[in-house]
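Read through the structure below, which is laid out as structure tokens, and then see the notes.
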Amino acid sequence: MTLGKPIYHFTPPANWMNDPNGLVYHEGQYHLFYQYNPHGDQWGTIHWGHAASTDLVHWQPLPVALAPSTELGEVHCYSGCAVIDDQGVPTLFYTSVGEGERNAETGAEQWMGTSPDGLLTWVKFEANPVLTSDIHGKDLIVRDWRDPYVWKEGDCWLMVLGGSVEGKGCALLYESANLQEWTFLHLLHTGEENLWECPNAFRLQDKMVLIYSPSDKVKYLVGSMGDDLRFMKEQEGFVDHGGWEGYYAPQSMLAPDGRRILWGWLPDNARGEMTEIQGWSGVQSIPRTVELRPDTNTLRFQPVAELQGLRENPYELPKTVWTQGHHKLETKGKAVEIIAEFELAGSEASFGFEVFRSPEGEEQTTLKFDVAGGRIVLDRSRSSQAAGVHAWELTALYDMQQHKQLRVHLFIDHSIVEVFVNEELCLTGRVYPLRKDSEGIRLFVQGPSVAMSSLCAWNLRGI
Ligand code: FRU
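Right, dumping it as structure tokens:
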């Protein structure tokens, strides 16, 4: 077993992986492509790796799908998407980057390819590029223009791209009737951050959702988009609070049953200077469904139900009032799922879980619900005995006193803590326990007591 390597989250057999790309369902299979360096465990010579699944849980590794066309000056195949065109042909779009004039900041182009054999191999379009920055005219200068995401509305194909205009991150909108000739429509939205990467736009009920990665915590906007294709923001929130320490550059797809499913890259930046792990870097999150809560226009995130098939060794606790202190659970492991519900009414006690805990607590990672402080904290100060790892805490603001109940849905997997709180807040963090015996789990309470209505836990099988 390779240290830190997750067993039920997707990773390629070896080497570097970043963003999920080209997510599409076709002829009975979900396809996951991803930013991939076949030559090592650092970012570089970016190809598209490929895997497919029939159940969203088990993934079959497939040959590399896309390689840079060095003879055409292409050095990297940056992020992009896949769609099935009107004739049923799988078609992908991505950002082509080279060197010199073709650098990522000012010289990126958008390229297209089609697959003659069910997404296994790809032929790049002869007339590439399909979009160059000339499309914006002289007056609009877009830097770091990249990461096409394409979808269909009525008879029309739409594409959103990320970038930066006058130092502000933004998403830009384009239109096409045939996927080959594109027109620039307008700036869809602009933010306060310097850069927006990997924008995703999709409809949920009568709303439009825009997800983007601003080189920080991934955010979402919910708004309206009418016939003029202008976006009016009504609500905003975080997709996940992990950022560079846990969750970045997500992409979504539509499943055949209508679910909107999101994957994100769980970066390994938090390894810092540690030397114990070599040969691989980067993980895909578990697939999450995204739904709209019509009462608040905010998003609801849940792990896909298919993951329940990995559960074994069920462990259950009845309603319990936990008093101040630490309470060891009779379940343990480095690949565990826990669902626990707490009653918040009338209590100000802080509480939470210690996971990846060695018997004497030399290593442990603490997930704390600081009710009075209105914060959820992933404390990594003792997560690893390795030198050089990132040990600072990851936090998410959450006003628990506004809620009667707290539903904690926690997944741990060797170097991952991925938690869903009340199906509306996600926090993913990376930690690197070194010890084999760092697999204990405790519940703790600071303050008089906390009432738990239920707890279920399982070990999860590898995929
Ligand atoms: C996000 C990102 C994308 C880009 C890709 C390059 O992580 O920077 O904007 O296309 O990674 O690998």
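Numbering-wise, this note's numbering puts 5 at position 5 of the sequence shown, and it's gapless, one number per residue. From the three backbone atoms N, C-alpha and C, an ideal C-beta is built for every residue, glycine too.
task: Reducing DSSP to helix, strand and coil, say where Ile141 ends up.
output: If DSSP states are grouped into helix, strand and coil, Ile141 belongs with coil.
- request: For the ligand FRU, enumerate in chain order all residues having a CB closer than 7 Å to any of its heavy atoms.
  value: This selection yields Asn18, Asp19, Gln35, Trp43, Ile46, His76, Tyr78, Ser79, Thr95, Arg146, Asp147, Gly162, Glu197, Cys198, Ser213, Tyr248, Ala249, Trp265.
task: For the beta strand (DSSP E) containing Gly309, list its first residue and its last residue.
output: Counting along the chain, Gly309 falls outside any beta strand (DSSP E), and DSSP gives it neither H nor E.
message: Nearest by alpha-carbon distance to Leu188: which of Trp196, Pro90, Gly73, Leu172 is it?
response: The shortest Cα separation from Leu188 among Trp196, Pro90, Gly73, Leu172 belongs to Leu172.
field: Contact the stretch 286 to 296 vs the stretch 309 to 318: 3+ CB pairs below 8 Å
entry: Taking a cut-off of 8 Å for Cβ pairs, the stretch 286 to 296 and the stretch 309 to 318 do not touch, as fewer than three such pairs fall below it.
field: Pick from Trp145, Lys152, Ser164 that is closest to Ala201, judged by C-alpha positions
entry: The shortest Cα separation from Ala201 among Trp145, Lys152, Ser164 belongs to Lys152.
- request: Please work out which residues of its chain come closer than 7 Å, Cβ to Cβ, to Glu348, disregarding the five sequence neighbours upstream and downstream, and give them in chain order.
  value: Counting only residues of its own chain and dropping the five nearest sequence neighbours on each side, Glu348 has a CB closer than 7 Å to the CB of Val371, Ala372, Gly447.
task: Label Trp392 either buried or exposed according to how many other C-beta atoms from any shown protein chain fall within 10 Å of its C-beta, with 16 as the threshold for buried.
output: The residue in question, Trp392, is exposed, as its Cβ has fewer than 16 Cβ neighbours within 10 Å.
query: Using the rule of at least 16 other Cβ atoms within 10 Å of the residue's Cβ for burial, across every protein chain shown, is Cys156 buried or exposed?
result: Looking at its Cβ environment, which holds fewer than 16 other Cβ atoms inside 10 Å, Cys156 is exposed.
task: Taking the CB atoms as reference points, tell me whether Gly107 and Gly100 lie closer together than 9 Å.
output: The answer is yes: Cβ separation under 9 Å.
message: To the nearest angstrom, how far is the alpha carbon of His60 from that of Pro6?
response: The question names His, yet the displayed sequence has Gln at residue 60. Note on geometry: alpha-carbon atoms of Gln60 and Pro6 lie some 16 Å from one another.
message: Taking the beta carbon of Asn15 as the centre, do at least 16 other beta carbons fall within 10 Å, making it buried, or is it exposed?
response: Around the C-beta of Asn15, 16 or more other C-beta atoms lie within 10 Å, and the residue is accordingly described as buried.
- prompt: When you compare each of Pro68, His58, His31, Glu27 to Gly44 by their alpha carbons, which one comes out closest?
  reply: With distances taken between Cα atoms, Gly44 lies closest to Pro68.
query: Just checking my contact of Arg143 with Glu105 at CB under 8 Å: how many whole Å lie between their CB atoms?
result: Your pair Arg143 and Glu105 checks out as a contact, with CB atoms roughly 5 Å apart and the cut at 8 Å.
task: Could you tell me which of Gln401, Ile338, Gly440 sits nearest to Val419, measuring between CA atoms?
output: Of the candidates Gln401, Ile338, Gly440, the residue whose Cα lies closest to the Cα of Val419 is Ile338.
- prompt: Is DSSP giving Arg461 helix, strand or coil here?
  reply: Reduced to three states, the DSSP call for Arg461 is coil.
message: Rounded to the nearest angstrom, what separates Gly361 and Arg442 at their Cα positions?
response: Approximately 10 Å between the Cα atoms of the pair.
query: Where does Ala270 fall in DSSP's three states?
result: DSSP places Ala270 within a helical segment (H, G or I) once states are collapsed to three.
query: On the three-state DSSP scale, how would you describe Ser101?
result: It is worth fixing the name first, because residue 101 is Glu in this sequence and not Ser. It is helical.
field: Distance between Ser453 and Asp147 (C-alpha atoms, nearest Å)
entry: One C-alpha to the other measures close to 44 Å.
query: Are three or more beta carbon pairs between the stretch 236 to 246 and the stretch 427 to 434 nearer than 8 Å?
result: Touching, yes, given that three or more Cβ pairs across the two stretches are closer than 8 Å.
- prompt: In this structure, what does DSSP give as the bridge partners for Ala213?
  reply: Reading the sequence as shown, one finds Ser at residue 213 and not Ala. Answer by DSSP bridge pairing, in chain order: Glu197.
task: Name, in chain order, the residues that DSSP records as bridge partners for Trp151.
output: According to DSSP, residue pairing for Trp151 in a beta bridge involves Leu158.
field: For Leu410 and Leu367, believed in contact at Cβ under 8 Å, the rounded distance
entry: That belief holds up - the Cβ atoms of Leu367 and Leu410 are roughly 7 Å apart, short of 8 Å.
- prompt: Who are the near neighbours of Gly272 in its chain, counting only those whose CB is closer than 8 Å to its CB and skipping five residues on each side?
  reply: Excluding the 5 residues flanking it on each side, Gly272 has same chain C-beta neighbours closer than 8 Å at Gly388, Val389, His390, in chain order.
query: Among the residues of its own chain, which have a CB less than 6 Å from the CB of Thr190, if the five just before and after it don't count?
result: Excluding sequence neighbours, Thr190 sits near Lys168, Cys170.
- request: Helix, strand or coil for Trp122, going by three-state DSSP, please let me know.
  value: For Trp122, the three-state secondary structure derived from DSSP is coil.
query: Mapping DSSP to helix, strand and coil, what is Thr114?
result: Strand.
query: Is Leu179 helix, strand or coil when you go by DSSP?
result: Of the three classes helix, strand and coil, the one that applies to Leu179 here is coil, per DSSP.
query: Quick one: complete alpha helix (DSSP H) runs, 4+ long, within the stretch 389 to 461?
result: Listed in chain order, the alpha helix (DSSP H) runs fully inside the stretch 389 to 461 amount to none, counting runs of at least 4 residues.
task: With a 10 Å radius around its C-beta and 16 neighbouring C-beta atoms as the bar for buried, classify Gln308 as buried or exposed.
output: Its Cβ having fewer than 16 others within 10 Å, Gln308 is exposed.
- request: Just mark Asp295 as buried or exposed, buried being the case when its beta carbon has 16 or more other beta carbons within 10 Å.
  value: By the C-beta density criterion, Asp295 is exposed, having fewer than 16 other C-beta atoms within 10 angstroms.
query: Where do the N-terminal and C-terminal ends of the beta strand (DSSP E) with Thr289 fall, by residue?
result: That run of the beta strand (DSSP E) goes 288 to 293.
- prompt: Is Glu234 closer than 9 Å to Val222 when the C-beta atoms are compared?
  reply: Between Val222 and Glu234, the CB-CB gap stays under 9 Å.
- request: Output the boundary residues of the beta strand (DSSP E) element that contains Ile339.
  value: 335 to 343 is the extent of the beta strand (DSSP E) around Ile339.
query: Looking at the unbroken beta strand (DSSP E) that takes in Ser354, where does it start and where does it end?
result: What sits at residue 354 in the sequence shown is Glu, not Ser. Start and end: 350 to 357.
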